[in-house]
Structure formats: structure tokens, C-alpha cells
Amino acid sequence: MWFQRAHALLVLLFVLACSACSVGAKHADAAAPAYGGGAYPTTAMDDAPSGEAEAPMREEAGPAQLDMDGAKDSFVNAKQPAPEPAPGKGKPQPGPGQQGAGADSKRSPILIYTADYTMSVFEVQKSLDAVEALAKSAGGYLARRDDRSITVRVPAEKFQDVIAGVEKVGDVLHRNVVSEDVTAEYRDLEIQLANHLALRSRMEKLLEKANKVEEALQIERELGRITGEIERVKGRLKLLTDLAQFSTITVSFAPRTQESVQEGPFVLPLPWLNSLGLNRLMNLR
Amino acid sequence: MKRLLLGLPLLLALVACGRPYTTATPDGFVELDEEHYDESVHEYRASTADGVVIGVRAYENDPEVDLTLAVRALENRVRLGQGYALLEKKEAVARDGTKGTTLRFGHDEPAGAHLYAVTIFVTDDWVYLLETGGKKDLVEKAQKSLDWATQNFLPQ
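Listed in order, the protein sequences are those of chains A and B.
Per this note's numbering, the first sequence starts with residue 2, numbered consecutively.
Per this note's numbering, the second sequence starts with residue 591, numbered consecutively.
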């Protein structure tokens with residue numbers, strides 16, 4: 002009898018030790034969401050069946066071995082062309098869940114596209130309507146709109162088409178287009194999730210076998226912590242999936258009067274430059 | 591001193607002849623009295639009853655600039671400095687064949703969308719600014735008259 006209890010205690014200690022080391026582990030459960038098989042899972046957050054959770058671990062490529070072609074790019078300049086997609090890709094990469102099947106998709110980067118535009122203040126309401134219409138016609142939606150700015154979300158594969166349209170809406174004073182590669186983070190989260198799910202499954206089985214209340218409470222505490230971690234990872238995966246599937250475009254209408262005049266080298270001391278504009282022209286009093 | 595000597599005949603000519611340019615006031619516009627313009631820059635103003643305004647100013651070309659630089663400086667000032675949207679940039683020709691450039695801008699004012707255009711002519715002695723502006727719909731209606739005024743502008 003004492004031998005059985007000691008054995009149970011040893012197993013519990015072993016499981017707790019494993020739990021402490023599980024975060025960031027580079028092992029994936031065989032039952033983990035299978036991006037290696039082709040598609041990025043849209044249902045990766047679903048719990049794995051407990052029977053499969055105890056399947057043997059296998060080695061997975063670390064982030065350093067991932068295809069980083071689409072690593073963070075930033076374009077900040079007026080009249081600069083729209084960002085080129087990652088080499089060898091014709092369009093921005095679709096988000097997780099939109100990847101095509103096949104060996105190549107295993108290494109396709111997961112990219113989050115965002116674009117910020119500042120335009121001259123002219124016919125703002127009309128321009129805001131035009132941006133919103135562009136997004137909706139591309140299958141996107143309005144995220145936020147006020148008197149002087151608008152934020153829309155558009156499917157990643159339509160991102161370049163939409164920003165090309167946005168640039169025709171008005172006089173672009175400033176643009177900032179960024180593609181952020183979150184492949185490494187996404188895959189790491191998937192691995193964490195798989196490990197947590199497997200661990201939870203083992204803990205649940207241990208809980209069934211627990212004989213003492215103290216043991217049961219200890220296991221339940223650990224189960225609660227692991228469940229919290231699982232929810233956190235699921236939430237982050239869901240957010241990344243959403244951001245990768247729908248690119249974010251923000252257009253603001255604002256003059257750059259002060260910053261440009263002060264920092265730009267173009268303020269020449271020519272007397273005739275000092276009184277241009279509608280205010281003076283139309284002031285006839 | 592050299593500049594002063596060079597500028598003296600110019601000044602005398604100016605005193606003798608008034609503005610260093612000749613304008614043509616289109617039908618539907620009234621030329622305003624001197625209280626509505628700045629004599630120091632030889633200003634001319636005309637307006638419709640609805641507030642579409644034409645203004646001309648002439649500045650001595652000192653420091654001397656050429657048309658390319660002047661257009662660039664003007665674009666920077668109005669577009670980037672004042673936040674106007676550049677809608678169009680095109681060549682303009684005065685009545686005597688002097689070539690200039692017209693920049694058309696748009697800007698939202700509290701009263702609604704406005705259009706503002708500046709045509710700039712540069713000669714050795716003068717920089718001429720021919721400005722037009724007003725509410726967008728009114729300017730668009732008066733566009734032919736405004737173009738006529740530009741085409742019939744005569745620098746000295």
C-alpha cells in the first residue's frame with residue numbers, strides 16, 4: 002500500500018517538473034495542429050482528444066530554420082511604391098487557415114500587413130466614403146471612422162489592390178506600409194498549446210487516480226494554471242490569425258503644417274512665399 | 591550698391607507706370623479698390639459677387655530664382671507647409687508668350703471644399719503670382735473666366 006502511494010507521489014512530482022519546463026519547449030505533440038501537413042489550422046485552438054494527447058513527441062524545426070523571406074519591411078516616404086510581397090510571392094500571404102495544401106505551405110510565412118496614410122485635407126467626407134467603399138468592395142469592413150480618419154480591415158490577399166485604390170483617393174502626404182512576419186511566434190504558440198493540452202490530459206488522468214484530498218487539490222491547482230495558459234495561448238493565436246487574414250489600413254486627413262515648416266529644408270526666405278493661400282486671397286475686408 | 595543701381599530704373603519705371611503687369615478682368619468680376627490690396631506688392635484684386643477671387647501680386651525677383659525653383663518652393667509651401675492637396679500642375683502661357691506654371695490645390699475650409707490655384711511667372715526682374723480661389727462649386731462654374739484672366743495676363 003505504502004509502495005503504491007509513494008509511486009503515485011513520484012509520478013506527481015515528475016509531472017509537475019515537466020509542467021515547469023513545458024513553456025518554450027521545442028517538442029511538439031504528434032496530435033498538435035498539423036501545419037506540416039499542409040494547411041494552417043483555423044481550429045488549432047480546439048483541444049486535442051485525450052487519447053491522442055499522449056502520443057509520442059517528435060522534433061520540430063525551430064524558428065531559426067523557418068523561411069524568413071517576408072521579414073519585417075518598412076516603407077516610409079511619400080510617393081514610394083507599395084510594398085513588394087515576399088520574394089517569389091505574387092500577393093500578400095493569406096493568413097493562417099487560408100494556406101494552400103502542399104509541401105511549400107509548410108514554410109510559407111505568416112505576414113501581418115498594416116498601412117497608415119496621411120492625406121491632405123480636401124473633400125474629407127467624400128474621401129472617407131471612398132476608402133470605406135474600397136474596403137467593402139474588396140470583402141473588408143469598417144473598423145473605425147471619425148471626422149478626419151478611417152480604419153478599415155481588408156482580406157490580406159486584397160491588401161495591395163486596396164492600397165493602390167486608396168492612393169488615388171487623395172494627395173498622399175505620408176505613407177507607412179509594414180509587413181510583420183509572425184511565423185515564428187505563431188509556430189511557437191502552436192507548440193506551447195500542444196504541450197499544454199497534452200499535459201492537461203495527463204493531469205486529468207492523474208486526478209482520477211488521486212487517493213488523497215491533498216493530492217487532488219494540488220493537481221487541480223496545477224490544472225487551473227495550465228487551463229489559464231491554454232486560454233492565453235489560444236487567444237493570442239486567434240488574434241494573430243485574425244490580423245494575418247485581415248490587413249489593417251488607416252487613412253488620416255491632416256495637414257503637416259508645423260512639423261514640415263520647422264524641420265523641412267524647403268522654407269526659402271522668399272518674400273512672395275509668405276502670403277500664399279486662401280485666407281489671404283479671400284480676405285477682402 | 592550694384593543692386594541698388596540696377597533696381598533704380600526699375601523703381602522709376604514702376605512709379606511711372608504703376609503695376610509692373612497688365613491684367614484683364616473677366617466679365618462677372620469687379621476690380622476692387624486699392625483699400626482691398628497691398629500696394630507694396632503691386633497687388634490687383636477682383637471678385638465675383640459670390641466670392642470667387644482673382645489676385646495678382648508682383649515681387650522683385652531678389653534673390654533671383656528661376657521658374658523651376660519657384661514652382662518647387664511654392665508647391666512645398668502650399669502642399670506640405672499648409673496642407674493643401676495638389677490636384678494638378680500644368681504649364682501656363684501669358685499673353686506675351688511668357689511661360690509659367692499653374693498649380694491647382696484643394697482644401698477643406700469650415701465653409702466646405704475650396705479650390706485654390708496659383709499661376710507663377712518668373713522674369714529676370716519679377717516674380718508674378720496670379721491666384722484664384724473660392725468655393726469649389728463656384729470656382730468650377732467660373733473656371734473659363736479664370737482661365738481667360740490667366741491667358742490675358744501680361745507681365746512687364
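We put the CB at the ideal spot given by N, CA and C, even for glycine.
CB contact check: residue i to chain B, cutoff 8 Å
i, result
"residue 125(A)", "yes"
"residue 155(A)", "no"
"residue 274(A)", "yes"
"residue 174(A)", "yes"
"residue 171(A)", "yes"
"residue 180(A)", "no"
"residue 167(A)", "no"
"residue 279(A)", "yes"
"residue 234(A)", "no"
"residue 271(A)", "yes"
"residue 282(A)", "yes"
"residue 109(A)", "no"
"residue 138(A)", "no"
"residue 129(A)", "no"
"residue 253(A)", "no"
"residue 198(A)", "no"
"residue 132(A)", "no"
"residue 86(A)", "Residue placement at residue 86(A) is poorly supported in this model, since its pLDDT is 40, which falls under 50; the coordinates are not used for a value here."
"residue 105(A)", "Caution applies to residue 105(A), whose pLDDT of 46 falls short of 50 and renders its modelled position unreliable; the value that the coordinates give is listed next. No - not a single Cβ of chain B is within 8 Å of the one on residue 105(A)."
"residue 285(A)", "yes"
"residue 150(A)", "no"
Cα-Cα separation, residue i to residue j
i, j, result
"residue 621(B)", "residue 171(A)", "34 Å"
"residue 215(A)", "residue 223(A)", "12 Å"
"residue 132(A)", "residue 120(A)", "12 Å"
"residue 667(B)", "residue 679(B)", "15 Å"
"residue 118(A)", "residue 199(A)", "45 Å"
"residue 713(B)", "residue 651(B)", "8 Å"
"residue 68(A)", "residue 252(A)", "For residue 68(A), the pLDDT reaches just 29, beneath the cut-off of 50, and the residue's location in the model is therefore unreliable, leaving the point undetermined."
"residue 743(B)", "residue 636(B)", "13 Å"
"residue 721(B)", "residue 114(A)", "42 Å"
"residue 39(A)", "residue 161(A)", "Unreliable positioning characterises residue 39(A) in this predicted model, as indicated by a pLDDT of 30, which lies under 50. The coordinate reading is nonetheless provided below. Each residue's Cα considered, the two are about 25 Å apart."
"residue 671(B)", "residue 174(A)", "11 Å"
"residue 130(A)", "residue 239(A)", "30 Å"
"residue 273(A)", "residue 169(A)", "31 Å"
"residue 207(A)", "residue 231(A)", "19 Å"
"residue 608(B)", "residue 614(B)", "15 Å"
"residue 281(A)", "residue 645(B)", "10 Å"
"residue 144(A)", "residue 733(B)", "39 Å"
"residue 726(B)", "residue 692(B)", "17 Å"
"residue 663(B)", "residue 669(B)", "10 Å"
Residue i, buried or exposed, once every other Cβ within 10 Å from all chains shown has been counted against 16
i, result
"residue 653(B)", "exposed"
"residue 715(B)", "buried"
"residue 700(B)", "exposed"
"residue 36(A)", "Low confidence applies here, because residue 36(A) scores a pLDDT of 32, under 50, leaving its location unreliable and the question unanswered by this model."
"residue 751(B)", "Since the first and last residues shown for chain B are 591 and 746, residue 751(B) lies out of range."
"residue 203(A)", "buried"
"residue 184(A)", "buried"
"residue 225(A)", "exposed"
"residue 277(A)", "buried"
"residue 127(A)", "exposed"
"residue 140(A)", "exposed"
"residue 259(A)", "Its pLDDT being 42, under 50, residue 259(A) is placed unreliably by the model, and nothing is read from it."
"residue 165(A)", "exposed"
"residue 159(A)", "buried"
"residue 135(A)", "buried"
Min CB distance residue i to chain A below 8 Å
i, result
"residue 618(B)", "no"
"residue 674(B)", "yes"
"residue 649(B)", "yes"
"residue 735(B)", "no"
"residue 719(B)", "yes"
"residue 609(B)", "no"
"residue 682(B)", "no"
"residue 703(B)", "yes"
"residue 694(B)", "no"
"residue 622(B)", "yes"
"residue 678(B)", "no"
"residue 635(B)", "yes"
"residue 639(B)", "no"
Rounded Cβ spacing between residue i and residue j (contact assumed at less than 8 Å)
i, j, result
"residue 201(A)", "residue 228(A)", "7 Å"
"residue 631(B)", "residue 717(B)", "Actually they are not in contact, since the Cβ atoms of residue 631(B) and residue 717(B) sit about 10 Å apart, beyond 8 Å."
"residue 674(B)", "residue 702(B)", "The pair is not a contact, with the Cβ atoms about 15 Å apart (cut-off 8 Å)."
"residue 705(B)", "residue 647(B)", "At roughly 19 Å, the Cβ-Cβ gap does not stay under 8 Å, so residue 705(B) and residue 647(B) are not in contact."
"residue 152(A)", "residue 242(A)", "With 8 Å as the limit, residue 152(A) and residue 242(A) do not qualify as a contact, their Cβ atoms being about 19 Å apart."
"residue 111(A)", "residue 255(A)", "Not quite, the Cβ-Cβ distance comes to about 32 Å (not below 8 Å), so this is no contact."
Below-8 Å beta-carbon distance, residue i vs any chain E residue
i, result
"residue 706(B)", "Note that chain E does not occur in the displayed structure, where the protein chains are A and B."
- [ ] Run through the segment 168-246 of chain A for me and flag every whole alpha helix (DSSP H) of 4 or more residues, listed as ranges in chain order.
- [x] Within the segment 168-246 of chain A, the runs of alpha helix (DSSP H) at least 4 residues long that lie entirely inside it are, in chain order, 184-210 and 214-246.
TODO: Pick out the complete beta strand (DSSP E) segments inside the segment 630-680 of chain B, 3 residues or longer, and give them in chain order.
DONE: Assignment of beta strand (DSSP E) within the segment 630-680 of chain B, counting only whole runs of 3 or more residues, yields 634-637 and 643-650 in chain order.
Open item on the list: In chain order, what are the residue ranges of uninterrupted alpha helix (DSSP H) at least 4 long that sit wholly in the segment 114-139 of chain A?
Closed with: Inside the segment 114-139 of chain A, DSSP marks whole alpha helix (DSSP H) runs of 4 or more residues at positions 125-138, from first to last along the chain.
- [ ] Starting from the N-terminal side, write out each stretch of the alpha helix (DSSP H) that is 4 residues or longer and does not extend beyond the segment 676-745 of chain B.
- [x] 726-731 and 733-741, all fully within the segment 676-745 of chain B.
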